[in-house]
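S.K.:
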Amino acid sequence: MSLNSHLAELERKHQALEQEIQKAVTSPSTSDEEIARLKRRKLVLKDQMARLREGDSAEATIH
């Protein structure tokens, strides 16, 4: 999988989690713990995307 396609997949998952969080926040049956778990997963994806982008930028400056 290329870097761009991997980033696109992570971005898709990140957006899907954002939508899931929005639904969870408006649902009275969703616990605060579940919302926090979803937000942590979203943050992990964001961190992964940032690391990939930083690595891509560093590689571009080397060449």
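Numbering (numbering that gives the first Met the number 0), first residue to last: 0 to 62. Cβ coordinates follow ideal geometry from the N, Cα and C atoms, glycine included.
(1) In whole angstroms, what is the alpha-carbon distance linking ASN3 and SER56?
(2) Secondary structure at THR29, three-state DSSP: helix, strand or coil?
(3) For SER1, does the three-state DSSP call read helix, strand or coil?
(4) Using 8 Å for Cβ pairs, my map puts LYS12 next to LEU44. What's the rounded Cβ distance?
M.R.: Quick look at the numbers:
(1) Within the sequence shown, residue 3 is the residue found at index 4, counting from 1. Within the sequence shown, residue 56 is the residue found at index 57, counting from 1. Cα to Cα, ASN3 sits roughly 13 Å from SER56.
(2) Taking the sequence shown and counting its residues from 1, the one referred to as residue 29 is at position 30. Residue state, collapsed to three classes: coil.
(3) Counting from one through the sequence shown, the residue named residue 1 turns up at place 2. Note: SER1 maps to coil in three-state DSSP.
(4) In the sequence shown, counting from the first residue as 1, residue 12 sits at position 13. In the sequence shown, counting from the first residue as 1, residue 44 sits at position 45. Contact holds; Cβ gap of about 6 Å.
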